[in-house]
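Structure, as structure tokens:
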Amino acid sequence: MRICVFQTSDIPSQADGYPDPGLYTDQHTFEHRVIRKDSVKQDIDLAAAEGFGLYMLFSWDWHGGQIQSTGIQITKYLEEVKLPFIGLPSRVLERCKPDLDGRLQLHLTGHNSGNPSSGENRDIIAAGDEYACVVVQLGNTPVALSPGICHQKQCLKRTLNPHLYDEICSLAEGAFDANDMHGCFWCTVLFRVTKITRPMLIGINPMSPIFLPQLSVEDCTIRESFPGGHRSLINSVIASSLIVHSHSAELLRKVGEEYDDVAPKYDAVTHGIYHDNVKKIATKYNYDGVVLDLACGTGLFARLRGEALAVTSGDHRNSTTKFMGVDLSPQMRTECLYHGWYERVLVGPIQRILTEWMDPVDHIVCIGALHYLDKNELSLVLSRAFHLARVSVTFTIDEIPESYIAAQRSRGREYMHGVNHVAEVAAYGVPVGWKLADHWKCLGWKSPTTGDDVYTNVFRFERLDEATL
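The numbering used here numbers the first residue of the sequence shown as 363 and each following residue consecutively.
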């Protein structure tokens, strides 16, 4: 994607400290354009005429009241002309003031308990340690990363203080919601902690500077605790922005209708190689606990696993494994629940449902569906899966041949063509705290529409013991 990064006119010629996403990924092309405070609309119009796929503005280099007044003018105009834009919404910017260092900081609302500006807390926490917790908006959901220890520029290890770690993360996500930060795709929530107090909220920096040449504390926490690192964060924020604006709603509707039509005969159509592979994946690994099956279809994963283990749908509720599913097709949900293996099936695109899913699960599986996502959506889904799964993440990546893509396009069904994500998964890498436990390749399925053989890569990731990190 070709992306315009807006910057302000007062950038020093030595731009060592200016955020630049291009330093962290070569997947997108980032081009910088200047917005001058005396020609805001003209500069934005010129950039809009260049037809970028996306626009970003997350750094302000004016000073004092210029930041707020000119910034509000910029964001309101961007909202007015409806450019696809990642940056501070005007309603958030209107509540911000520059701090002593010229950084934007949100004015905290009165219902935030622990606000030190309320009086008696100020002296208590003055000598405490400061923690910075980055909160990223995935879809519409705030997700806290590992708290950063500000003076050390390193992450707090959960094993060292699980209670403090979890409390800071919970409070940070709560502060994001309480202060209505939605549309601000990341922020830093600042806390002060002493030996005698709980974490005290001292500030929120909306869209704090990241992607810096010299790593900030925020960049360190992204590198250590956002699955896939900065590259994946960029993709996930792009995908989240497009989800919020329902960018692919029509495409998803068409794909869902295709699977509605085939649902009653899906098991018969896919019988053979595909069933054999699903059965192998379902029986080769341990799935004790709660399994979230993305694109669960008719529930083949649980059924074939049950058959191999001589467990029936009638007694599977006494099993050590519980299944929940997500599928785009309402008719697939009906078929899945009919067989009795899944306790719950949600209907919707996995890139939206997964970001809205709040409860951790033990295992996440996704077979034969990720090729419907673009590269940005893939990063979003994988990163959220690694956040939610306590034990394992298992998925398949299909090597979609060009002949299949061409055949689908010739039939007017380009929305079904799929994307070969093998290289993208390799670039994504192994998240910190995980290991690639298994990877194998096999003939995955034969397209009933085009006759193409499609090969499948199976990936099994397992979480490392926290004590070893």
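We treat Cβ as the ideally placed atom computed from N, Cα and C, and that holds for glycine. Here the structure is a predicted model, which is why all the values come from computation and not from measurement.
### Task
Identify which residue in Val497, Gly501, Phe392 has its Cα closest to the Cα of glycine 415.
Phe392
#### Entry: Euclidean distance between Cα positions of isoleucine 596 and valine 497
14 Å
### Query
When DSSP labels each residue in this structure, what does leucine 466 get in the three-state scheme?
strand
### Query
Does the Cβ-Cβ distance between valine 743 and isoleucine 762 come in under 8 Å?
no
### Message
Counting only C-beta atoms, is cysteine 804 closer than 8 Å to chain E at any point?
### Response
Here chain E cannot be found, since the structure has a single protein chain.
### Query
Taking the Cβ atom as the reference point for each residue, do serine 675 and proline 446 lie within a distance shorter than 8 Å?
no
### Task
Determine the closest residue to serine 508 out of Ala664, Asp528, Asp638, Ile397, with distance taken between C-alpha atoms.
Asp528
### Query
What's the call for serine 532, buried or exposed, on a 16-neighbour Cβ count within 10 Å?
exposed
### Query
Helix, strand or coil: how does DSSP classify aspartate 655 here?
strand
### Message
I'd like the list of long-range same chain contacts for isoleucine 643, defined as Cβ closer than 7 Å, with 5 residues on each side in sequence excluded.
### Response
Ile729, Thr756, Val820
### Query
Around the Cβ of alanine 657, are there at least 16 other Cβ atoms within 10 angstroms (buried) or fewer (exposed)?
buried
### Endpoints, alpha helix (DSSP H) assigned at histidine 725
That residue, histidine 725, is in no alpha helix (DSSP H); its beta strand (DSSP E) goes 723 to 728.
### Task
Report yes if the CB atom of serine 754 is closer than 8 Å to the CB atom of serine 594, and no otherwise.
no
### Task
Assuming glutamate 580 contacts alanine 506 (C-beta within less than 8 Å), just tell me the rounded distance between them.
Actually they are not in contact, since the Cβ atoms of glutamate 580 and alanine 506 sit about 12 Å apart, beyond 8 Å.
### Message
Looking at alanine 664: is its Cβ nearer than 8 Å to the Cβ of tryptophan 703?
### Response
yes
### Task
Tell me whether valine 631 is buried or exposed, calling it buried when 16 or more other Cβ atoms sit within 10 Å of its Cβ.
exposed
#### Entry: CB of aspartate 638 within 8 Å of CB of glycine 659, strictly
no
### Query
Sorted by chain position, which residues of the same chain lie with C-beta nearer than 6 Å to leucine 666's C-beta, five sequence neighbours on each side aside?
Val640, Lys641, Ala644
### Message
The alpha helix (DSSP H) that contains tyrosine 636, what's its start and end?
### Response
635 to 646
### Message
Would you call the region 619 to 629 in contact with the region 786 to 803, where contact means no fewer than 3 C-beta pairs closer than 8 Å?
### Response
no
### Message
On the DSSP letters alone, give me the boundaries of the beta strand (DSSP E) that alanine 409 sits inside.
### Response
Here alanine 409 belongs to no beta strand (DSSP E); instead the alpha helix (DSSP H) covers 402 to 411.
### Query
Which residues mark the beginning and the end of the alpha helix (DSSP H) in which proline 571 is found?
Taken as a continuous stretch (DSSP letters only), proline 571 belongs to no alpha helix (DSSP H), as it is neither H nor E.
### Query
Using the C-alpha atoms, what's the distance from histidine 394 back to valine 652?
46 Å
### Task
Within 10 angstroms of the Cβ of histidine 733, are there 16 or more other Cβ atoms? Answer buried if so, exposed if not.
buried
### Message
Does the beta-carbon of glycine 774, which I'm using as the reference point, lie nearer than 7 Å to any heavy atom of the ligand SAH?
### Response
For the ligand SAH, the structure offers nothing, since it holds no ligand at all.
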